[in-house]
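Number of protein chains: 2
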Amino acid sequence: MEPHEPDLTAVPVTSVLAALADDVRLQIVRALAEGGESACGSFDFGVSKATRSHHLKVLREAGLTRTRAAGTSRLVRLRRDELDKLYPGLLDAVLTQRPPA
Amino acid sequence: MEPHEPDLTAVPVTSVLAALADDVRLQIVRALAEGGESACGSFDFGVSKATRSHHLKVLREAGLTRTRAAGTSRLVRLRRDELDKLYPGLLDAVLTQRPPA
DNA sequence: ACCCTTGTTCGACAATCATCGAACAACACC
DNA sequence: GGTGTTGTTCGATGATTGTCGAACAAGGGT
Chain A
4 MEPHEPDLTA
14 VPVTSVLAAL
24 ADDVRLQIVR
34 ALAEGGESAC
44 GSFDFGVSKA
54 TRSHHLKVLR
64 EAGLTRTRAA
74 GTSRLVRLRR
84 DELDKLYPGL
94 LDAVLTQRPP
104 A
Chain B
4 MEPHEPDLTA
14 VPVTSVLAAL
24 ADDVRLQIVR
34 ALAEGGESAC
44 GSFDFGVSKA
54 TRSHHLKVLR
64 EAGLTRTRAA
74 GTSRLVRLRR
84 DELDKLYPGL
94 LDAVLTQRPP
104 A
């Protein structure tokens, strides 16, 4: 089963935005931006592993992440370079945690 | 009927992204960015006026646009300054039409 | 007053989506 | 080989969403 990691230029902008327009997925992206490559299991945001797997699939198919197998785990990382090149400012704008004020 | 134009800082990022993650709404935002303040009716993107009204409502309630009455029309404009201040780079990243290559 | 134009609101409907438990697959380790 | 860990996949389900036509409201003309 190929991991379905599309060319970012082939992904419609709306798909990239839709992938980011979910709270759980945004938390995953933030964790990846801070912690670098991480195992799927490290994202514990109060959803079942089935749901988490679903969200990681959405992120991957939107071109936001890459996944590689490592033993029994799977390591996920942000495609930050490509994203910053194609959508400069997008990740920065979205990643920075905003103060409640 | 108040037009429900929220303080941008009170709108969750996911709502802003979700508002932009639709093809029709993105076309509206692009048209507004290019043409400035425009009447609702000027956005003819192949949907009924009911649907168009719905999309404009989503944009307004996500804090992306402001609307004011002008005779029988309603003029809509992008809240670009506020958006650029709160999410620098977001609009630019999303607005630029990308070549199919 | 009448009509036309411009938008909004109201169901309704189909499609998509987030979520879950259970079943399955792959790998490691003993 | 068996057991445990880590993820994925498969329905199912409830919620959200995009879409429409029809009805309604507000203004501007004539």
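As they're listed, the protein sequences go chains A and B. Each residue of the first sequence is one higher than the last, beginning at 4 in the working numbering. Each residue of the second sequence is one higher than the last, beginning at 4 in the working numbering. Idealized CB from N, CA, C, for every residue including glycine. What you are looking at is a predicted structure, and each value in this text was computed from that prediction instead of being measured.
- The CB of B:LEU78 never comes closer than 7 Å to any CB in chain A; the least such distance is about 26 Å.
- Contact annotation: the segment 50-58 of chain A does not touch the segment 8-16 of chain A, with fewer than three C-beta pairs closer than 8 Å.
- Under the three-state reduction of DSSP, A:ARG71 is assigned to strand.
- Around B:GLU64, the same chain offers HIS7 as residues with beta carbons nearer than 6 Å, after the five sequence neighbours per side are excluded.
- Taking the Cα of A:ASP47 as reference, the smallest distance to any Cα among A:ALA36, A:VAL61, A:VAL27 is reached at A:VAL27.
- Per DSSP, reduced to three states, the secondary structure at B:ALA21 is helical.
- Two segments are said to touch when three or more pairs of C-beta atoms, one from each, lie closer than 8 Å; by this definition the segment 35-44 of chain B does not touch the segment 64-81 of chain A.
- For A:GLY92, the chain B residues whose C-beta falls within less than 7 Å of its own C-beta are PRO91, GLY92, LEU93, ASP95, ALA96, listed in chain order.
- Assignment of beta-bridge partners to B:ARG77 by DSSP yields B:ALA72.
- At least 8 Å separates the beta-carbon of B:SER18 from that of B:LEU78.
- Secondary structure at B:ALA13: helix, using DSSP grouped into helix, strand and coil.
- Listed by position along chain B, the residues whose Cβ is nearer than 7 Å to that of A:THR17 are ALA24, ASP25, ASP26, LEU29.
- In this structure A:ASP87 touches A:LEU94 by the C-beta definition: roughly 6 Å separates them, less than 8 Å.
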